[in-house]
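These notes concern the structure reproduced below.
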Amino acid sequence: MSPIQKTYWIFRYYFVSFYRSRSFYFMLSVITIAGAMLTYLTMKYFLHYSGISIFQGISSLLSEQQVLGFIWTYVGSYIPVFAAVFFGSSAISGEIESRSAYSVFPLPVSRTSLMIGKYFASLLAGFLIVIYYYAFFAVNSLIVLGTLDTGTFTLSLALSLAFLSSLLSLTYLVSTLFNRATYSYITVFIIYFLIFTALNYVIQLLYNYFPFYLLNNTSTVISRVYLNFNPSSLFLSQNILPLSMDEAILYTGVIFAYTFICFIAALFIFQEKEVK
Amino acid sequence: MELIADSLTRRYGNVVALTGLSLQIDTPGVFVILGPNGAGKTTFMKIITGLVKPSKGSLKINGLDSWHDHSKVSEGIGALIEQPEFHPYMTGREILEFHSRVKGISGIGTEVERVAGITEISGYLDRKSGGYSRGMKQRLALASALLGDPMLLVLDEPTFGLDPLGMIMIRKIIRKLSTEMGKTVILSTHLIFEASELADRVLIFSKGRLVYDNPSDHTRKLEVEVAGDASPLAKIDATIQGNTAYFQLDDPARINGILSGILKTGLAVTSIREIDGLEEIYVKVQGGKQEE
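In structure tokens form, the structure reads like this:
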């Protein structure tokens, strides 16, 4: 059997395992709650969005589609973070901690096949979670506005999935460093919410420069395709028109750079990882 | 199948788990590794199965390095290491089918049924492994190890957690694998009687070193403890150690002669028990005391 075939079977097996896991259904439940809350907001206030203080005074510049899209995708930009942590943080460390590594690692598969297969399985599981959320958004848009800007919607969804891939790579990298899943979960959250956030403000305040290359800043591209409003930036935007295509490409490049660099680093460490 | 360990050493920080182990296994049979906790048994098995790498030296199977050529080497190995766990949301059948697929086995359905039949888990195959008992997981692990009829089986305490019938069943399977199917089985255990029953060759580890490597001594002995000096029993071919006499039991019929000989000496017997030759060897090579 070729390595590609083995990778496929690993992918399939782990996807079923993720799909049946409590984490998957927990994530679905959380998304359902978040989706229900935003649906309530959309139905009750959206048609009068100019009444929402943050958009007062600029409402005439915005289309309903932009505001609706921004609200939903801004909240949605956190979903890949949690999906990646749930499905990626325990990828290697969890196998060692739960001792399932003793049944899987001695099998005649290369560590490369194992990690690639598992990575794509967790990517697909996270992908389903993200799509589920975007389905909520699409339904809301169709009900409230009677239309859906499929181009921007698809771009935002694609960016969200790309962002998920980069976060998963980061969580896989962290997971290869530990033998306990809890340490991986905590470390990923610390890196993403504390270290990146702290770096973001330190660089902006000390060097008067917006560090677009930090992973938490790249996630803003998911909502900025609707409205160029970035709460994590201390600099006022030139305008609030949707992100330019050049900027979207730049951010996408940064996202994929994280994906590949972190994944290759994870693969390199995993090759040498022992199950002591 | 040829396994060669050459000056194999493994350290965990300052702790030496294995040191200078050189060993060759190139015949079918059951090779039982005995040793106290921390003697290096599991580390040796983890090196064979590519879970850890040697700090120094090498371990080669059919000329391939167990760490660097892991995926190729493990094609011919079935392993059960450290009471493994399985993904709890997958059924026993799905797990065995997955293992079969990555092992490149054809006729997966038949093969899964075969190994499940041998390990007597056929009735549990469609249940999720998260609901399996420790013993069931151990059987599932053994079933996985048997998939594809590997030439080398590496079994780390395979009867751990099993009920008595399960233990008997697994020992029968191991004997059959060796005697009827010509497999090489490397097995670790803490149970001397199990080692004695199964082993063709016994390897005793102590503090990371191989301290005994010989064909199994299947002879049994009678240990007789008397009140006072046991030396009068030397006349009836006993080996004397203080107040204890040891009699060889090559022929079980000899026991009557030994007992009548003891009665004639008039010594008061305080205890009498049959022991394994291996037990005596084990205690001797471990320095006469058990270690933690």
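So the protein lines, in turn, are chains A and B.
Using the numbering used here, the first residue of the first sequence is number 8, and each one after it goes up by one.
Using the numbering used here, the first residue of the second sequence is number 955, and each one after it goes up by one.
C-beta atoms are modelled at their ideal positions from N, C-alpha and C, and glycine is treated no differently.
Nothing here was measured: the structure is a model prediction, and the numbers come from that model.
How many Å lie between residue i and residue j at the Cα?
{"i": "residue 1065/B", "j": "residue 1102/B", "result": "7 angstroms"}
{"i": "residue 958/B", "j": "residue 1015/B", "result": "6 angstroms"}
{"i": "residue 107/A", "j": "residue 131/A", "result": "21 angstroms"}
{"i": "residue 1209/B", "j": "residue 1203/B", "result": "7 angstroms"}
{"i": "residue 1244/B", "j": "residue 1166/B", "result": "Unreliable placement is indicated for residue 1244/B, whose pLDDT of 43 sits below 50; the coordinate value is still reported in the next sentence. Distance between the alpha carbons of residue 1244/B and residue 1166/B: 16 angstroms."}
{"i": "residue 94/A", "j": "residue 1129/B", "result": "43 angstroms"}
{"i": "residue 1027/B", "j": "residue 1020/B", "result": "6 angstroms"}
{"i": "residue 22/A", "j": "residue 125/A", "result": "8 angstroms"}
{"i": "residue 203/A", "j": "residue 161/A", "result": "27 angstroms"}
{"i": "residue 83/A", "j": "residue 151/A", "result": "19 angstroms"}
{"i": "residue 1125/B", "j": "residue 1000/B", "result": "22 angstroms"}
{"i": "residue 10/A", "j": "residue 1200/B", "result": "59 angstroms"}
{"i": "residue 1318/B", "j": "residue 973/B", "result": "Any question about residue 1318/B goes unanswered here, given that chain B covers just 955 to 1246."}
{"i": "residue 138/A", "j": "residue 28/A", "result": "18 angstroms"}
{"i": "residue 1249/B", "j": "residue 1041/B", "result": "With chain B running from 955 to 1246 in the structure shown, residue 1249/B is simply not present."}
{"i": "residue 1147/B", "j": "residue 1230/B", "result": "7 angstroms"}
{"i": "residue 277/A", "j": "residue 186/A", "result": "12 angstroms"}
{"i": "residue 1114/B", "j": "residue 100/A", "result": "25 angstroms"}
{"i": "residue 1152/B", "j": "residue 955/B", "result": "20 angstroms"}
{"i": "residue 1241/B", "j": "residue 14/A", "result": "50 angstroms"}
{"i": "residue 1221/B", "j": "residue 1180/B", "result": "7 angstroms"}
{"i": "residue 1091/B", "j": "residue 194/A", "result": "32 angstroms"}
{"i": "residue 1206/B", "j": "residue 1158/B", "result": "27 angstroms"}
{"i": "residue 217/A", "j": "residue 228/A", "result": "14 angstroms"}
{"i": "residue 1063/B", "j": "residue 38/A", "result": "39 angstroms"}
Starting from residue i, find everything on chain C with Cβ-Cβ shorter than 7 angstroms and list it in chain order.
{"i": "residue 1005/B", "result": "Among the protein chains in the structure shown, which are A and B, there is no chain C."}
Among the options, which residue has its Cα nearest to the Cα of residue i?
{"i": "residue 1136/B", "options": "1150/B, 1154/B, 1158/B", "result": "1154/B"}
{"i": "residue 176/A", "options": "258/A, 268/A, 89/A, 108/A", "result": "268/A"}
{"i": "residue 78/A", "options": "104/A, 91/A, 47/A", "result": "47/A"}
{"i": "residue 256/A", "options": "225/A, 11/A, 76/A", "result": "225/A"}
{"i": "residue 32/A", "options": "209/A, 118/A, 135/A, 43/A", "result": "135/A"}
{"i": "residue 1104/B", "options": "194/A, 89/A, 115/A", "result": "115/A"}
{"i": "residue 172/A", "options": "89/A, 119/A, 219/A", "result": "89/A"}
{"i": "residue 262/A", "options": "232/A, 210/A, 113/A, 220/A", "result": "220/A"}
{"i": "residue 1223/B", "options": "972/B, 1188/B, 1193/B, 1177/B", "result": "1177/B"}
{"i": "residue 148/A", "options": "101/A, 73/A, 237/A", "result": "73/A"}
{"i": "residue 249/A", "options": "239/A, 233/A, 258/A", "result": "233/A"}
{"i": "residue 1225/B", "options": "1197/B, 1232/B, 1234/B, 1193/B", "result": "1197/B"}
{"i": "residue 271/A", "options": "26/A, 183/A, 217/A, 196/A", "result": "183/A"}
{"i": "residue 81/A", "options": "235/A, 24/A, 258/A", "result": "235/A"}
{"i": "residue 133/A", "options": "96/A, 121/A, 254/A", "result": "96/A"}
{"i": "residue 1168/B", "options": "984/B, 967/B, 969/B, 968/B", "result": "984/B"}
{"i": "residue 178/A", "options": "52/A, 85/A, 273/A, 157/A", "result": "273/A"}
For residue i, which residues from the same chain have a beta carbon less than 6 angstroms from its beta carbon, with the 5 sequence-adjacent residues on both sides left out?
{"i": "residue 1120/B", "result": "1089"}
{"i": "residue 1186/B", "result": "1219"}
{"i": "residue 143/A", "result": "42"}
{"i": "residue 1011/B", "result": "960, 961, 962, 963"}
Residue i by DSSP, collapsed to three states: which one?
{"i": "residue 206/A", "result": "helix"}
{"i": "residue 94/A", "result": "helix"}
{"i": "residue 219/A", "result": "coil"}
{"i": "residue 1157/B", "result": "strand"}
{"i": "residue 1051/B", "result": "helix"}
{"i": "residue 1075/B", "result": "coil"}
{"i": "residue 231/A", "result": "helix"}
{"i": "residue 72/A", "result": "helix"}
{"i": "residue 283/A", "result": "coil"}
{"i": "residue 1175/B", "result": "strand"}
{"i": "residue 253/A", "result": "helix"}
{"i": "residue 176/A", "result": "helix"}
{"i": "residue 99/A", "result": "coil"}
{"i": "residue 224/A", "result": "helix"}
Counting only the same chain and skipping the five closest in sequence on each side, list residues whose C-beta sits under 7 angstroms from that of residue i.
{"i": "residue 8/A", "result": "none"}
{"i": "residue 1227/B", "result": "1177"}
{"i": "residue 112/A", "result": "282"}
Take residue i and list the residues in its own chain whose beta-carbon comes closer than 8 angstroms to its own, dropping the five residues that flank it on each side.
{"i": "residue 996/B", "result": "1035, 1036, 1110, 1142"}
{"i": "residue 965/B", "result": "971, 1009"}
{"i": "residue 30/A", "result": "93, 94"}
{"i": "residue 206/A", "result": "218, 221"}
Residues within the region 104 to 119 of chain A neighbouring chain B, beta-carbon criterion of under 7 angstroms: Residues passing the 7 angstroms Cβ filter: 105, 106, 107, 109, 110, 112, 113, 114, 115, 116, 117.
Taking a Cβ distance cut-off of 7 angstroms, strictly less, list which residues of the region 1049 to 1078 of chain B are near chain A, in chain order. Going along the region 1049 to 1078 of chain B in chain order, one finds 1052, 1053, 1055, 1056, 1057, 1058 with a Cβ nearer than 7 angstroms to chain A.
Name, going along the chain, the residues of the region 17 to 30 of chain A whose beta-carbon falls closer than 9 angstroms to a beta-carbon of chain B. Residues 17, 19, 20, 21, 23, 24, 25, 26, 27, 28, 29.
Of the residues that make up the region 1033 to 1047 of chain B, which ones have a beta carbon closer than 9 angstroms to any beta carbon in chain A? Across the region 1033 to 1047 of chain B, CB contacts with chain A closer than 9 angstroms involve 1033, 1034, 1035, 1036, 1037, 1038, 1039, 1040, 1041, 1042, 1043, 1044, in sequence order along the chain.
Going along the region 124 to 140 of chain A in order, which residues come within less than 8 angstroms of chain B, judged by CB to CB distance? With the criterion set as a beta carbon lying under 8 angstroms from some beta carbon of chain B, the region 124 to 140 of chain A has no members that meet it.
Residues of the region 1083 to 1117 of chain B with a CB closer than 7 angstroms to any CB of chain A: list them in chain order, please. The region 1083 to 1117 of chain B vs chain A, Cβ under 7 angstroms: 1095, 1098.
Contact list for the region 997 to 1021 of chain B against chain A, Cβ threshold 8 angstroms: Under the 8 angstroms Cβ criterion, the region 997 to 1021 of chain B contributes 1000, 1003, 1004, 1005, 1006, 1007.
What residues in the region 1129 to 1146 of chain B bring their beta carbon closer than 8 angstroms to a beta carbon of chain A? So nothing in the stretch comes that close.
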